[in-house]
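Residue numbers (this note's numbering): 1125 to 1340. Idealized CB from N, CA, C, for every residue including glycine.
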């Protein structure tokens, strides 16, 4: 069957950081990358949607306000289109070269946002996941978790809101949060849930404890 190219094996370490808006993912990605570099690891920091020229263009469409309301299936397919490009141009080459890849979101975000949030069947998302990324899964997924009201207050405080924050209500983000927590319950081998309301230093101490066993 003709499909997306998948590398024969994964040599680098693939770490993803997940969570709803306002939990501090971008900050933690940078701190994680700094810690890995301090342990003599070569690190590629990236994000979804985005990470490539095409991916960033798709990000503009998905996250920015557009004149017409986007269908949930359109949103899902755009996310996976950006992901296919991201894998081909960034993630696969970096892992093949032995680098650590730290991504602000990956496919779990599709299960949480388009699945739990938009109501798209998990089985449909799984078909796209298998087609686009084959057997590749993160080695470690850090779920930064916080109550929705606290997380959204933080997101609003930063002054820039995306289409999800502007259009959706608390019930949507509660569903997304629960979707993430359900994934963490199912995939306990790779998920680690971290209380994102902790002070940054304490939070990072906990995360370092999850990272260290992965390192040579």
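Asked, Found
"Roughly how far, in whole angstroms, is the beta-carbon of residue 1185 from the beta-carbon of residue 1202, given that I think they are within contact range, below 8 Å?", "6 Å"
"Just the C-alpha distance for residue 1195 and residue 1241, rounded to the nearest angstrom, thanks.", "13 Å"
"With three or more C-beta pairs closer than 8 Å as the rule, is the region 1274 to 1283 touching the region 1227 to 1245?", "no"
"Report the rounded CA-to-CA distance for residue 1340 versus residue 1162, giving the unit in angstroms.", "13 Å"
"What number of angstroms, rounded off, separates the C-alpha of residue 1259 from the C-alpha of residue 1250?", "12 Å"
"Using three-state DSSP, classify residue 1276 as helix, strand or coil.", "helix"
"Name the DSSP bridge partner or partners of residue 1296?", "DSSP output for residue 1296 lists no bridge partner at all."
"Three-state secondary structure (DSSP) at residue 1164?", "coil"
"Kindly indicate the opening and closing residues of the alpha helix (DSSP H) around residue 1200.", "1196 to 1210"
"Rounded C-beta distance between residue 1261 and residue 1314? I'm assuming under 8 Å.", "7 Å"
"When you compare only the Cα positions, how much space is there between residue 1330 and residue 1144?", "19 Å"
"Please report how far the alpha carbon of residue 1333 lies from the alpha carbon of residue 1253, in whole angstroms.", "29 Å"
"Please report the distance separating the alpha-carbon of residue 1181 from that of residue 1288.", "17 Å"
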